[in-house]
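**Q** Quick mapping for you: the protein sequence lines, in order, are chains E and H.
Reading the first sequence from the start, the letters are residues 87 to 364 in this note's numbering.
Reading the second sequence from the start, the letters are residues 1374 to 1772 in this note's numbering.
Here a beta-carbon is modelled for each residue, glycine too, at the ideal position from N, C-alpha and C.
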Amino acid sequence: MSIPKIPIGEWVESLEGWLETNFEPFFNGVKIVVGNIVDGLADGFNFFPPLVVIAIFTILAFWLGRYRLAAFTLLGLLLVLNLGYWSHTMDTLALVLTASFISIVLGVPVGILCAGNKKVQSVVTPLLDLMQTMPAFVYLLPAVAFFSLGVVPGVIASVIFSIPPTIRLTSLGIRQVPEDLVEAADAFGSTSMQKLIKVQLPIAIPTIMAGINQTIMLSLSMVVIASMIGAQGVGADVYRAVTQAKTGMGTEAGLAVVVLAIMLDRMTQKLAKKNKKV
Amino acid sequence: MPIIEVKSLSKVFGNDPKRAFPLLAQGWSKERILKETKLTVGVNQVSFSIEPGEIFVIMGLSGSGKSTVVRLLNRLIEPTAGQVLVNGKDIVRMNKEELRQVRRKTMSMIFQKFALFPHRTILENVEYGLEVQGIGKEERVKKAKESLALVGLSGFEDQKPDQLSGGMQQRVGLARGLANDPDILLMDESFSALDPLIRKDMQDELLELQENMKKTIIFITHDLDEALRIGDRIALMKDGAVVQIGTPEEILMNPANDYVERFVENVDLSKVLTAAHVMIRAETISMDRGPRVALQLMRDRRISNLYVVDKSRQLLGVVTAEDALSAIKSGQTLGEIIIRDTPIVSPDVLLVELFDVVSSAKIPVAVIDERKRLVGIVIRGAVLAALTGNNEAEAGEPQ
């Protein structure tokens, strides 16, 4: 006797179809909002002459991390400009920042809920495991079904893939606030909201920042995958180089991604340290 | 009327904790209940009442439930059963908002490891209790500064907690607790994390503050010396239950059971017992008697000197047997042979201080009360006996 195959695939597809028909206005709304954020950011970066943008980033880097980070930012971005990937790199930056922004806006509150409620935590944790281990390509299909081709499904897939660290580390950061500080907040008659805002979040910030840093890095790692469904940017250049077996072009475009990655990573790390000192 | 009345307060940790009560009623031990039901009895049927202005010390070893008790009072831990009446109102039955008001206005807590908020300045830490009440910035800064001045930390407002020493950090904790002017201070091992010398300073300072504040203080400690120093009354806890409640002296002199006795046997008695504990009755004579009568009295009682007092028992001096004998021969009166500069102490002088006086005096030291009346004398042997823990010698009659 053979056990019949469990029709997981069919279930997922019928769920997808049901969502598509019943939540179309919602998906359209999301598409318009997210699309506008990405396009607005990209247009903003590309509106100014590249040297002005490079100067702004260098100043920001100097404020955060002094000479080394400023020097790296300046030279790295100049290299990108020189190689001719400026505009595409800015598109990618817009995509990454949008995905990270959405991840933070959604992830921090979910993390807070997880920290405060064991039941939420026990539902969310396996979900996060699934999101992080499921091959990222798999997200692309429903994302395209809901949002059609373009940059928006790329952003959504990036958010799904990169949001877990923000949720996990926000929850961890809050749970790691020393017990006696939580008791002190309670003993002086704080409401839950006062306790959260005045005590728990400020103390958890370094940990939350570490999560956000991871989220940004993960969403950057999604740019090439996102380009497979039409997201423009330097990821698309890498993808094209791969499909055409152009090692030189692949390396150049890849370097642009590396420059962005190191810059964003160091900047967010320094930001976290600055917060810790305050 | 007591400000706090605790009635059969219990806390059992675990699932469906009320299961433990019938078992406790059957006389099951904490260990047996834990083993067979996985329930932990934290606090078992504790009752006491505290008067306004009292320093009530709850003492016990770790695991005795003392820190749980103090958290049941402000419901940082939810009681399983029992009542906590504060000014007649039961904390246990309050809703969240009522409880919050009590925590904001009536009770403050001071923690063992200070529990200062590391991201806030000293001033902001002290302001916290006022801030959550929604009091305006100006007023709360004023009150917080007053509170900091009270603990001697003016000028440190803008520092962060980790820039201060442990003793100073706990002063901030104290200032934070006092800032909202509560009636009750809950102090959970507040001085235990400090080194001994600083700890003693803080105890003194607390007592000094208490002179003016007259707060009701519930002080948790595992340190008997600390309990004896600052407590008006002490509740001794073991295995979640109160074993004995009494003044420090009652606990020392009449330990309720073996447990208390073992607890107190290592205490440094010289810092607890006073002249009143070791003094014995003084043999006296009044001034209008002659030296013959004095000598006869000394012979009868087999003693070598007599304390001369007036009608209201005020001490005038001492006559020795030797002087009385020569006075009989030379026809002098008692007034002529009396030694007036006799060593005197008051009844509340600690043995540790008494020891010097007694060892340098040639005759027993007279103990006189605030109206200069003779209440007893201290002989050298009694002090030594008391210090070595010989009960017979201690059993003088404190009057």
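Please go through the same chain and pick out, in chain order, the residues whose beta-carbon is closer than 6 angstroms to the beta-carbon of Thr175/E, but skip the five residues on each side of it.
**A** As a first step, residue 175/E is located in the first sequence; it is residue number 89 there, counting from the start. For Thr175/E, where only same-chain residues beyond five positions count, the Cβ hits under 6 angstroms are Val166, Val320, Ala342.
**Q** Taking the alpha carbon of Arg1753/H as the point to measure from, which residue in Lys1745/H, Arg1744/H, Asp1612/H, Val1731/H has its own alpha carbon closest?
**A** Walking along the second sequence from the start, residue 1753/H turns up at place 380. It is Val1731/H.
**Q** Please list the partners that Phe1386/H has in chain E, where partner means a Cβ-to-Cβ separation under 9 angstroms.
**A** Here the question's residue 1386/H lines up with position 13 in the second sequence. The contacting residues do not exist; Phe1386/H stays about 15 angstroms from chain E at best.
**Q** Looking at chain H, is there any beta carbon in it that lies within less than 8 angstroms of the beta carbon of Gly259/E?
**A** Sequence index remark: in the first sequence, residue 259/E carries index 173 (1-based). Not an interface residue.
**Q** If we call anything under 8 angstroms between Cβ atoms a contact, is Val1691/H one with Ile1711/H?
**A** Indexing the second sequence from 1 puts residue 1691/H at position 318. Indexing the second sequence from 1 puts residue 1711/H at position 338. In contact: Val1691/H and Ile1711/H (Cβ atoms closer than 8 angstroms).
**Q** Return yes when the Cβ of Ile1591/H is within less than 8 angstroms of the Cβ of Ile1431/H, no when it is not.
**A** In the second sequence, residue 1431/H corresponds to position 58, counting from 1. In the second sequence, residue 1591/H corresponds to position 218, counting from 1. Yes, the pair counts as a contact, with Cβ atoms nearer than the cut-off.
**Q** Is there at least one Cβ from chain C nearer than 8 angstroms to Phe1484/H's Cβ?
**A** Looking at the structure shown, chain C is missing, and the protein chains on hand are E and H.
**Q** If you draw a straight line from the alpha carbon of Val120/E to that of Gln330/E, how long is it in whole angstroms?
**A** Looking up residue 120/E in the first sequence gives position 34. Looking up residue 330/E in the first sequence gives position 244. Roughly 31 angstroms between the two C-alpha positions.
**Q** So, is Lys1516/H buried or exposed, given that buried needs 16 or more other C-beta atoms within 10 angstroms?
**A** Your numbering for residue 1516/H matches position 143 in the second sequence. It is buried - the Cβ of Lys1516/H has at least 16 other Cβ atoms within 10 Å.
**Q** Tell me, please, which residues DSSP counts as bridged to Gly1749/H.
**A** Numbered from its first residue, the second sequence carries residue 1749/H at position 376. Looking at the DSSP assignment, Gly1749/H forms a beta bridge with Val1740/H.
**Q** Alpha carbon to alpha carbon, how far is Ile1593/H from Ser1440/H? Give it in angstroms, no decimals.
**A** Against the second sequence, residue 1440/H aligns to sequence position 67. Against the second sequence, residue 1593/H aligns to sequence position 220. Computed Cα separation, rounded: 7 angstroms.
**Q** Once the 5 residues before and after Arg1544/H are set aside, which same chain residues still bring their CB inside 6 angstroms of it?
**A** Counting from one through the second sequence, the residue named residue 1544/H turns up at place 171. Cβ neighbours of Arg1544/H beyond the five flanking positions: Val1524, Leu1526.
**Q** With 16 as the cutoff for other CB atoms within 10 Å, does Leu1579/H come out buried or exposed?
**A** In the second sequence, residue 1579/H corresponds to position 206, counting from 1. Classification of Leu1579/H: buried, given that the 10 Å Cβ count is 16 or more.
**Q** Ignore the nearest five residues each way along the sequence and tell me which others in Lys281/E's own chain have a CB closer than 8 angstroms to its CB.
**A** Position 195 of the first sequence, counted from the first residue, corresponds to residue 281/E. Val268, Ala271, Asp272, listed in sequence order.
**Q** Can you tell me whether Gly1690/H is helix, strand or coil according to DSSP?
**A** For the purposes of this step, residue 1690/H is taken as the residue at position 317 of the second sequence. In this structure, Gly1690/H counts as strand in the three-state DSSP scheme.
**Q** Hey, is Ile289/E's beta-carbon within less than 8 angstroms of any beta-carbon in chain H?
**A** Along the first sequence, read from residue 1 onward, the residue named residue 289/E stands at position 203. By this cut-off, Ile289/E is an interface position.
**Q** Quick check for students: name the residue ranges of the beta strand (DSSP E) that lie wholly in the region 1416-1445 of chain H, counting only runs of 3 or more.
**A** The region 1416-1445 of chain H contains these whole beta strand (DSSP E) runs: 1428-1432.
**Q** Can you find a CB in chain E that lies within less than 8 angstroms of the CB of Phe1490/H?
**A** Locating residue 1490/H in the second sequence gives position 117, counting from the first residue. Yes, its Cβ sits closer than 8 angstroms to a Cβ of chain E.
**Q** Counting Cβ pairs closer than 8 angstroms, one from the region 1389-1408 of chain H and one from the region 1439-1458 of chain H, do we hit at least three?
**A** These segments touch.
**Q** Just mark Arg1665/H as buried or exposed, buried being the case when its beta carbon has 16 or more other beta carbons within 10 Å.
**A** Residue numbering aside, residue 1665/H sits at position 292 when the second sequence is read from its first letter. Arg1665/H is exposed by the Cβ-count criterion.
**Q** I'd like the ranges of any alpha helix (DSSP H) spanning at least 4 consecutive residues and lying wholly in the region 89-147 of chain E.
**A** Listed in chain order, the complete alpha helix (DSSP H) runs (minimum 4 residues) inside the region 89-147 of chain E are 94-108, 110-133.
**Q** How would you call Met279/E, buried or exposed, if buried means at least 16 neighbouring beta carbons within 10 angstroms?
**A** Taking the first sequence and counting its residues from 1, one reaches residue 279/E at position 193. Burial call: exposed.
**Q** Using 8 angstroms as the limit for Cβ to Cβ distance, is Gly1502/H near chain E?
**A** As a first step, residue 1502/H must be located in the second sequence, where it is residue number 129. Taking Cβ atoms only, chain E reaches closer than 8 angstroms to Gly1502/H, which makes this a yes.
**Q** Using only the alpha-carbon positions, how far apart do Val1725/H and Ala1629/H sit?
**A** What you label residue 1725/H is simply residue 352 of the second sequence in a count that begins at 1. What you label residue 1629/H is simply residue 256 of the second sequence in a count that begins at 1. Each residue's Cα considered, the two are about 26 angstroms apart.
**Q** Taking Cβ positions only, does Val194/E come closer than 8 angstroms to chain H?
**A** Within the first sequence, the letter at position 108 stands for residue 194/E. No, Val194/E does not count as interfacial toward chain H.
**Q** Can you name the residues that DSSP bridges to Asp1678/H?
**A** Here the question's residue 1678/H lines up with position 305 in the second sequence. Reading off the sequence shown, one finds Asn at residue 1678/H, where the question assumed Asp. Answer by DSSP bridge pairing, in chain order: Thr1693/H.
**Q** Would you check if the distance between the CB atom of Gln1506/H and the CB atom of Arg1466/H is smaller than 8 angstroms?
**A** If you number the second sequence from 1, residue 1506/H lands on position 133. If you number the second sequence from 1, residue 1466/H lands on position 93. Their beta carbons are not under 8 angstroms apart, which means Gln1506/H does not touch Arg1466/H by this criterion.
**Q** If the cut is a Cβ gap below 9 angstroms, which residues of chain E does Asn1460/H touch?
**A** For the purposes of this step, residue 1460/H is taken as residue 87 along the second sequence, with counting starting at 1. In chain order: nothing, as chain E lies at least about 16 angstroms away.
**Q** On the CB-based measure, 16 or more other CB atoms within 10 Å of its CB, does Ile315/E come out buried or exposed?
**A** For this step, residue 315/E is matched to residue 229 along the first sequence. Its Cβ being crowded by 16 or more others within 10 Å, Ile315/E is buried.
**Q** Go ahead and label Gln1485/H buried or exposed: buried means 16 or more other beta carbons lie within 10 angstroms of its beta carbon, across all protein chains shown.
**A** Numbered from its first residue, the second sequence carries residue 1485/H at position 112. Buried, since its Cβ has 16 or more Cβ neighbours within 10 Å.
**Q** Is it buried or exposed for Glu1695/H, if we count other Cβ within 10 angstroms and need 16 for buried?
**A** Taking the first residue of the second sequence as position 1, residue 1695/H is located at position 322. Exposed, because fewer than 16 other Cβ atoms sit within 10 Å of the Cβ of Glu1695/H.
**Q** Per DSSP, Ala1608/H is paired with what?
**A** Taking the second sequence and counting its residues from 1, the one referred to as residue 1608/H is at position 235. The partner list for Ala1608/H (beta bridge, DSSP) reads Ile1431/H, Ile1618/H.
**Q** Note down the Cα distance separating Gln1418/H from Val1615/H, rounded to an integer number of angstroms.
**A** Along the second sequence, one-based indexing puts residue 1418/H at 45. Along the second sequence, one-based indexing puts residue 1615/H at 242. Rounded to whole angstroms, Gln1418/H to Val1615/H spans 8 angstroms at the Cα level.
**Q** Are there three or more Cβ pairs, one per stretch, closer than 8 angstroms when the region 191-204 of chain E is compared with the region 135-148 of chain E?
**A** Segments in contact, no.
**Q** For Leu1747/H and chain E, any beta-carbon pair shorter than 8 angstroms?
**A** As a first step, residue 1747/H is located in the second sequence; it is residue number 374 there, counting from the start. Not an interface residue.
**Q** Sorted by chain position, which residues of the same chain lie with C-beta nearer than 6 angstroms to Met353/E's C-beta, five sequence neighbours on each side aside?
**A** Along the first sequence, read from residue 1 onward, the residue named residue 353/E stands at position 267. Leu150, listed in sequence order.
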